[in-house]
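Numbering (our numbering), first residue to last: 3 to 361.
Below is one structure; the comments refer to it alone.
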(Lines of atoms letter the chains of each structure in order from A; the text may use other names.)
(Lines give C-alpha, C1' and ligand atoms only; values in the text may rest on other atoms or scores of the structure.)
Protein backbone atom coordinates (compact mmCIF):
# COMPACT_ATOMS: atom_id res chain seq x y z
CA UNK A 3 0.00 0.00 0.00
CA UNK A 4 1.36 3.44 -0.93
CA UNK A 5 1.10 6.76 0.88
CA UNK A 6 -1.98 8.77 -0.04
CA UNK A 7 -4.55 11.11 1.49
CA UNK A 8 -8.12 9.81 1.52
CA UNK A 9 -10.03 12.67 3.09
CA UNK A 10 -9.50 16.20 4.33
CA UNK A 11 -11.92 18.08 6.60
CA UNK A 12 -11.73 21.83 7.11
CA UNK A 13 -13.65 23.79 9.74
CA UNK A 14 -13.22 27.56 10.03
CA UNK A 15 -10.03 27.35 7.97
CA UNK A 16 -9.25 30.40 5.81
CA UNK A 17 -12.32 30.84 3.56
CA UNK A 18 -13.73 27.36 4.33
CA UNK A 19 -16.52 27.42 6.90
CA UNK A 20 -16.99 23.64 6.83
CA UNK A 21 -15.91 21.35 4.01
CA UNK A 22 -14.94 17.72 3.40
CA UNK A 23 -12.76 16.86 0.40
CA UNK A 24 -12.09 13.34 -0.91
CA UNK A 25 -9.00 12.56 -2.97
CA UNK A 26 -7.96 9.97 -5.52
CA UNK A 27 -4.74 8.06 -4.73
CA UNK A 28 -3.38 9.32 -8.08
CA UNK A 29 -3.69 12.75 -9.76
CA UNK A 30 -6.07 15.34 -8.27
CA UNK A 31 -6.69 18.75 -9.84
CA UNK A 32 -8.12 21.59 -7.75
CA UNK A 33 -9.68 23.82 -10.38
CA UNK A 34 -11.09 27.33 -9.99
CA UNK A 35 -10.53 31.05 -10.39
CA UNK A 36 -8.02 32.97 -8.29
CA UNK A 37 -8.79 33.60 -4.60
CA UNK A 38 -11.37 30.79 -4.36
CA UNK A 39 -9.48 28.60 -1.85
CA UNK A 40 -7.36 26.18 -3.90
CA UNK A 41 -4.05 27.06 -2.24
CA UNK A 42 -5.74 26.96 1.17
CA UNK A 43 -6.25 23.21 0.67
CA UNK A 44 -2.53 22.71 -0.02
CA UNK A 45 -1.68 24.86 3.00
CA UNK A 46 -3.78 22.64 5.28
CA UNK A 47 -2.15 19.46 3.93
CA UNK A 48 1.31 20.98 4.39
CA UNK A 49 0.48 21.71 8.03
CA UNK A 50 -0.15 18.01 8.66
CA UNK A 51 3.34 17.24 7.37
CA UNK A 52 5.30 20.01 9.10
CA UNK A 53 3.06 21.37 11.84
CA UNK A 54 3.11 24.89 10.42
CA UNK A 55 1.98 26.93 7.43
CA UNK A 56 4.17 27.73 4.43
CA UNK A 57 2.34 31.07 3.99
CA UNK A 58 2.39 32.72 7.41
CA UNK A 59 4.10 32.55 10.78
CA UNK A 60 0.93 33.88 12.43
CA UNK A 61 -1.24 30.78 12.35
CA UNK A 62 -4.19 32.68 13.80
CA UNK A 63 -4.49 34.18 10.31
CA UNK A 64 -5.84 30.81 9.15
CA UNK A 65 -8.94 31.14 11.36
CA UNK A 66 -12.14 31.98 9.48
CA UNK A 67 -13.13 35.63 9.97
CA UNK A 68 -15.25 36.07 13.08
CA UNK A 69 -14.44 32.63 14.56
CA UNK A 70 -12.14 31.86 17.51
CA UNK A 71 -10.64 28.58 16.30
CA UNK A 72 -9.92 26.42 13.27
CA UNK A 73 -9.97 22.64 13.18
CA UNK A 74 -8.55 20.54 10.35
CA UNK A 75 -8.18 16.78 10.18
CA UNK A 76 -6.93 14.29 7.64
CA UNK A 77 -7.33 10.57 6.97
CA UNK A 78 -4.52 8.89 5.05
CA UNK A 79 -2.99 5.51 4.30
CA UNK A 80 0.70 4.69 4.49
CA UNK A 81 2.49 1.43 3.80
CA UNK A 82 1.23 -0.03 7.09
CA UNK A 83 -2.18 1.29 8.13
CA UNK A 84 -4.85 3.98 7.98
CA UNK A 85 -3.98 7.04 10.07
CA UNK A 86 -5.51 10.32 11.18
CA UNK A 87 -4.05 13.68 12.17
CA UNK A 88 -6.01 16.53 13.75
CA UNK A 89 -4.86 20.11 14.27
CA UNK A 90 -6.74 22.74 16.28
CA UNK A 91 -5.56 26.36 16.23
CA UNK A 92 -7.04 28.73 18.79
CA UNK A 93 -6.68 32.50 18.99
CA UNK A 94 -5.65 32.57 22.63
CA UNK A 95 -4.10 29.16 23.33
CA UNK A 96 -1.38 26.84 22.10
CA UNK A 97 -2.01 24.77 18.99
CA UNK A 98 -3.18 21.19 19.59
CA UNK A 99 -2.08 18.26 17.42
CA UNK A 100 -3.35 14.68 17.65
CA UNK A 101 -2.05 11.64 15.77
CA UNK A 102 -4.52 8.75 15.71
CA UNK A 103 -6.40 10.42 18.56
CA UNK A 104 -3.35 10.88 20.81
CA UNK A 105 -2.01 14.34 21.71
CA UNK A 106 1.61 14.98 20.79
CA UNK A 107 3.94 17.27 22.74
CA UNK A 108 6.87 17.55 20.33
CA UNK A 109 6.80 18.62 16.68
CA UNK A 110 9.36 15.91 15.90
CA UNK A 111 6.61 13.32 16.54
CA UNK A 112 4.72 14.70 13.54
CA UNK A 113 7.51 15.13 11.00
CA UNK A 114 7.90 11.52 9.91
CA UNK A 115 4.17 10.80 9.53
CA UNK A 116 2.98 12.43 6.30
CA UNK A 117 5.62 13.03 3.65
CA UNK A 118 4.95 15.85 1.16
CA UNK A 119 6.92 17.94 -1.32
CA UNK A 120 5.49 21.37 -2.12
CA UNK A 121 5.97 23.67 -5.10
CA UNK A 122 4.28 27.08 -5.01
CA UNK A 123 4.87 30.32 -6.96
CA UNK A 124 6.90 32.02 -4.22
CA UNK A 125 9.44 29.17 -4.45
CA UNK A 126 11.22 31.39 -7.00
CA UNK A 127 12.69 32.97 -3.88
CA UNK A 128 14.85 29.86 -3.63
CA UNK A 129 16.90 31.40 -6.44
CA UNK A 130 16.00 35.10 -6.29
CA UNK A 131 16.34 35.74 -2.57
CA UNK A 132 19.14 35.44 -0.02
CA UNK A 133 20.95 32.46 1.56
CA UNK A 134 18.38 32.09 4.37
CA UNK A 135 15.74 30.85 1.89
CA UNK A 136 18.09 28.21 0.48
CA UNK A 137 19.16 27.07 3.94
CA UNK A 138 15.49 26.75 4.90
CA UNK A 139 14.87 24.61 1.81
CA UNK A 140 17.71 22.30 2.89
CA UNK A 141 16.47 22.16 6.48
CA UNK A 142 12.94 21.20 5.42
CA UNK A 143 14.15 18.62 2.88
CA UNK A 144 16.64 17.01 5.26
CA UNK A 145 14.27 16.99 8.24
CA UNK A 146 11.80 14.97 6.17
CA UNK A 147 14.37 12.54 4.82
CA UNK A 148 16.61 12.11 7.87
CA UNK A 149 14.98 12.58 11.30
CA UNK A 150 18.36 12.87 13.06
CA UNK A 151 19.05 16.03 11.09
CA UNK A 152 16.03 17.75 12.65
CA UNK A 153 17.34 16.83 16.11
CA UNK A 154 20.82 18.17 15.29
CA UNK A 155 19.41 21.37 13.81
CA UNK A 156 17.39 22.03 16.95
CA UNK A 157 20.46 21.49 19.15
CA UNK A 158 22.61 23.74 16.97
CA UNK A 159 20.06 26.56 16.93
CA UNK A 160 19.74 26.48 20.72
CA UNK A 161 23.52 26.66 21.11
CA UNK A 162 23.69 29.46 18.56
CA UNK A 163 21.02 31.46 20.42
CA UNK A 164 22.79 30.98 23.76
CA UNK A 165 26.17 31.95 22.32
CA UNK A 166 24.68 35.04 20.64
CA UNK A 167 23.07 36.06 23.93
CA UNK A 168 26.44 35.71 25.67
CA UNK A 169 28.15 37.83 23.01
CA UNK A 170 25.51 40.55 23.37
CA UNK A 171 25.88 40.49 27.15
CA UNK A 172 29.67 40.81 26.92
CA UNK A 173 29.26 43.62 24.41
CA UNK A 174 26.88 45.60 26.60
CA UNK A 175 28.71 45.03 29.90
CA UNK A 176 32.27 45.07 28.58
CA UNK A 177 33.07 41.79 30.32
CA UNK A 178 36.28 39.87 29.72
CA UNK A 179 35.54 37.48 26.83
CA UNK A 180 38.05 34.91 28.05
CA UNK A 181 36.28 32.31 30.12
CA UNK A 182 35.05 28.75 30.42
CA UNK A 183 31.48 29.61 29.39
CA UNK A 184 32.45 30.94 25.98
CA UNK A 185 34.84 28.03 25.38
CA UNK A 186 32.02 25.56 26.04
CA UNK A 187 29.72 27.28 23.52
CA UNK A 188 32.52 27.47 20.95
CA UNK A 189 33.19 23.75 21.26
CA UNK A 190 29.51 22.82 21.06
CA UNK A 191 28.85 25.15 18.11
CA UNK A 192 31.72 23.59 16.15
CA UNK A 193 30.73 20.00 17.06
CA UNK A 194 27.11 20.31 15.98
CA UNK A 195 27.95 22.72 13.19
CA UNK A 196 30.33 20.44 11.34
CA UNK A 197 27.85 17.57 11.57
CA UNK A 198 25.16 19.76 9.99
CA UNK A 199 27.62 20.72 7.24
CA UNK A 200 28.31 17.05 6.49
CA UNK A 201 24.60 16.20 6.30
CA UNK A 202 23.98 19.15 4.00
CA UNK A 203 26.96 18.46 1.76
CA UNK A 204 25.99 14.81 1.32
CA UNK A 205 22.36 15.71 0.63
CA UNK A 206 23.17 18.46 -1.88
CA UNK A 207 25.53 16.13 -3.75
CA UNK A 208 22.68 13.61 -4.11
CA UNK A 209 20.22 16.36 -4.98
CA UNK A 210 22.51 17.69 -7.70
CA UNK A 211 22.98 14.27 -9.31
CA UNK A 212 19.24 13.56 -9.48
CA UNK A 213 18.14 17.10 -10.40
CA UNK A 214 20.79 17.39 -13.11
CA UNK A 215 19.40 14.34 -14.88
CA UNK A 216 15.77 15.51 -14.57
CA UNK A 217 16.60 19.02 -15.74
CA UNK A 218 18.56 17.86 -18.77
CA UNK A 219 15.67 15.65 -19.85
CA UNK A 220 13.12 18.43 -19.33
CA UNK A 221 14.97 21.40 -20.81
CA UNK A 222 18.20 20.28 -22.47
CA UNK A 223 20.03 22.60 -20.06
CA UNK A 224 22.78 21.83 -17.56
CA UNK A 225 21.88 22.33 -13.88
CA UNK A 226 24.54 22.34 -11.17
CA UNK A 227 23.83 22.63 -7.45
CA UNK A 228 26.56 22.78 -4.80
CA UNK A 229 26.77 23.46 -1.08
CA UNK A 230 28.97 26.40 -0.08
CA UNK A 231 30.67 26.04 3.29
CA UNK A 232 34.01 27.30 4.57
CA UNK A 233 34.74 24.23 6.70
CA UNK A 234 35.63 20.58 6.20
CA UNK A 235 36.59 19.71 9.78
CA UNK A 236 35.50 20.59 13.29
CA UNK A 237 39.01 21.88 14.01
CA UNK A 238 38.83 24.38 11.14
CA UNK A 239 35.47 25.66 12.30
CA UNK A 240 36.51 25.91 15.95
CA UNK A 241 39.71 27.78 15.05
CA UNK A 242 37.78 30.32 12.96
CA UNK A 243 35.15 30.79 15.67
CA UNK A 244 37.78 31.40 18.35
CA UNK A 245 39.91 33.73 16.21
CA UNK A 246 36.94 35.86 15.15
CA UNK A 247 35.61 36.79 18.56
CA UNK A 248 36.69 40.44 18.39
CA UNK A 249 34.69 40.94 15.18
CA UNK A 250 31.75 39.02 16.67
CA UNK A 251 31.82 41.26 19.74
CA UNK A 252 31.68 44.32 17.46
CA UNK A 253 28.73 42.96 15.47
CA UNK A 254 26.93 41.26 18.34
CA UNK A 255 26.44 37.83 16.75
CA UNK A 256 28.13 34.56 15.70
CA UNK A 257 29.71 35.05 12.27
CA UNK A 258 30.78 31.52 11.33
CA UNK A 259 29.00 28.19 11.06
CA UNK A 260 26.33 26.49 8.94
CA UNK A 261 23.88 29.30 9.76
CA UNK A 262 25.94 31.38 7.29
CA UNK A 263 26.29 28.78 4.51
CA UNK A 264 24.60 28.89 1.10
CA UNK A 265 23.80 26.88 -2.04
CA UNK A 266 25.03 27.74 -5.55
CA UNK A 267 22.51 27.12 -8.35
CA UNK A 268 24.09 27.28 -11.81
CA UNK A 269 22.33 26.90 -15.19
CA UNK A 270 24.50 26.38 -18.28
CA UNK A 271 27.56 27.58 -16.38
CA UNK A 272 25.97 30.85 -15.19
CA UNK A 273 24.58 31.93 -11.84
CA UNK A 274 20.82 31.33 -11.97
CA UNK A 275 20.01 34.34 -9.79
CA UNK A 276 21.81 36.82 -12.04
CA UNK A 277 21.42 35.37 -15.53
CA UNK A 278 18.48 32.92 -15.76
CA UNK A 279 15.05 33.97 -17.00
CA UNK A 280 12.06 33.49 -14.71
CA UNK A 281 11.01 30.50 -16.81
CA UNK A 282 14.47 28.94 -16.44
CA UNK A 283 14.42 29.60 -12.70
CA UNK A 284 10.99 28.01 -12.35
CA UNK A 285 12.11 24.94 -14.32
CA UNK A 286 15.26 24.61 -12.19
CA UNK A 287 13.28 24.73 -8.95
CA UNK A 288 10.83 22.18 -10.30
CA UNK A 289 13.75 19.87 -11.11
CA UNK A 290 15.03 20.31 -7.54
CA UNK A 291 11.60 19.51 -6.10
CA UNK A 292 11.20 16.37 -8.20
CA UNK A 293 14.71 15.34 -7.15
CA UNK A 294 13.78 15.97 -3.51
CA UNK A 295 10.81 13.62 -3.93
CA UNK A 296 12.97 10.88 -5.48
CA UNK A 297 15.51 11.13 -2.66
CA UNK A 298 12.73 10.89 -0.08
CA UNK A 299 11.50 7.73 -1.77
CA UNK A 300 15.02 6.30 -1.85
CA UNK A 301 15.67 7.02 1.83
CA UNK A 302 12.27 6.31 3.40
CA UNK A 303 10.71 3.75 1.06
CA UNK A 304 7.60 5.92 0.54
CA UNK A 305 7.08 8.33 -2.33
CA UNK A 306 5.90 11.68 -0.94
CA UNK A 307 2.64 13.33 -1.90
CA UNK A 308 3.34 16.12 -4.41
CA UNK A 309 1.58 19.45 -3.81
CA UNK A 310 1.91 21.61 -6.93
CA UNK A 311 0.41 25.09 -6.68
CA UNK A 312 -0.17 26.91 -9.98
CA UNK A 313 2.85 25.16 -11.43
CA UNK A 314 1.77 25.20 -15.06
CA UNK A 315 1.24 28.95 -15.41
CA UNK A 316 4.72 29.87 -16.62
CA UNK A 317 5.85 26.65 -18.32
CA UNK A 318 5.62 26.20 -22.08
CA UNK A 319 3.73 23.24 -23.55
CA UNK A 320 6.87 21.10 -23.85
CA UNK A 321 7.77 21.55 -20.19
CA UNK A 322 4.18 21.10 -19.02
CA UNK A 323 3.97 17.85 -20.99
CA UNK A 324 7.26 16.67 -19.49
CA UNK A 325 6.01 17.42 -15.99
CA UNK A 326 2.81 15.43 -16.48
CA UNK A 327 4.80 12.49 -17.85
CA UNK A 328 7.35 12.77 -15.04
CA UNK A 329 4.72 12.81 -12.30
CA UNK A 330 4.87 9.34 -10.77
CA UNK A 331 1.91 7.00 -10.54
CA UNK A 332 1.44 8.22 -6.97
CA UNK A 333 -0.70 10.89 -5.32
CA UNK A 334 -0.35 14.39 -6.74
CA UNK A 335 -2.53 17.40 -5.89
CA UNK A 336 -2.34 20.25 -8.41
CA UNK A 337 -4.04 23.64 -8.43
CA UNK A 338 -4.84 25.50 -11.66
CA UNK A 339 -7.33 28.00 -13.04
CA UNK A 340 -8.54 25.63 -15.77
CA UNK A 341 -7.93 22.10 -16.99
CA UNK A 342 -4.77 22.24 -19.08
CA UNK A 343 -4.66 20.42 -22.41
CA UNK A 344 -1.80 18.26 -21.15
CA UNK A 345 -4.33 16.46 -18.91
CA UNK A 346 -6.66 15.57 -21.77
CA UNK A 347 -7.41 11.86 -21.74
CA UNK A 348 -6.09 11.40 -18.20
CA UNK A 349 -8.04 9.88 -15.31
CA UNK A 350 -7.36 12.84 -13.03
CA UNK A 351 -9.84 13.54 -10.23
CA UNK A 352 -11.22 17.04 -10.90
CA UNK A 353 -12.20 19.03 -7.79
CA UNK A 354 -13.92 22.33 -8.61
CA UNK A 355 -13.47 25.06 -6.01
CA UNK A 356 -15.53 28.23 -5.68
CA UNK A 357 -15.50 30.64 -2.74
CA UNK A 358 -14.53 28.04 -0.15
CA UNK A 359 -16.88 25.35 -1.44
CA UNK A 360 -16.41 22.19 -3.49
CA UNK A 361 -18.96 22.31 -6.32
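Glycine included, each C-beta is placed from N, C-alpha and C at the ideal position.
These numbers were taken from a predicted model, which means no experiment stands behind them.
Which word fits residue i, buried or exposed, when buried means at least 16 other C-beta atoms lie within 10 angstroms of its C-beta?
i	result
residue 306	buried
residue 47	buried
residue 331	exposed
residue 289	buried
residue 165	buried
residue 51	buried
residue 198	buried
residue 42	buried
residue 324	buried
residue 104	exposed
Starting from the Cα of residue i, find the closest Cα among the options and give me that residue.
i	options	result
residue 133	219, 101, 255, 263	263
residue 67	15, 157, 52	15
residue 239	247, 229, 224, 258	258
residue 138	56, 61, 196, 320	56
residue 285	321, 298, 300	321
residue 20	69, 36, 30	69
residue 355	37, 245, 344, 87	37
residue 62	81, 82, 92	92
residue 11	72, 186, 318	72
Do residue i and residue j have their C-beta atoms within less than 8 Å of each other?
i	j	result
residue 283	residue 143	no
residue 254	residue 18	no
residue 49	residue 74	yes
residue 8	residue 112	no
residue 280	residue 128	no
residue 311	residue 116	no
residue 53	residue 99	yes
residue 244	residue 159	no
residue 349	residue 28	yes
residue 268	residue 226	yes
residue 338	residue 317	no
How would you write the range of the beta strand (DSSP E) that residue i sits in, first residue to last?
i	result
residue 268	264 to 269
residue 10	6 to 15
residue 76	71 to 79
residue 121	118 to 121
residue 130	No beta strand (DSSP E) holds residue 130; the alpha helix (DSSP H) holding it covers 127 to 130.
residue 29	29 to 33
Could you check what DSSP says for residue i in three-state terms: helix, strand or coil?
i	result
residue 183	helix
residue 188	helix
residue 341	coil
residue 228	strand
residue 90	strand
residue 2	Residue 2 cannot be examined here, being either before or after the span of the chain that is shown, 3 to 361.
residue 223	coil
residue 164	helix
residue 205	helix
residue 159	helix
residue 311	strand
residue 24	strand
residue 107	coil
residue 243	helix
residue 375	With the chain covering 3 to 361 only, the question about residue 375 has no answer from this structure.
residue 65	strand
With 8 Å set as the bound, which would you pick, yes or no: does the beta-carbon of residue i sit closer than that to a beta-carbon of chain C?
i	result
residue 65	Structure shown: chain C not included; a single protein chain is present.
Can you tell me where the alpha helix (DSSP H) holding residue i begins and where it ends?
i	result
residue 283	280 to 302
residue 141	133 to 147
residue 50	40 to 52
residue 56	Run containing residue 56: none; DSSP gives neither H nor E here.
residue 248	247 to 253
Is there at least one non-hydrogen atom of the ligand ATP closer than 7 Å to the beta-carbon of residue i?
i	result
residue 183	What this structure holds is no ligand at all, so the ligand ATP is not there to describe.
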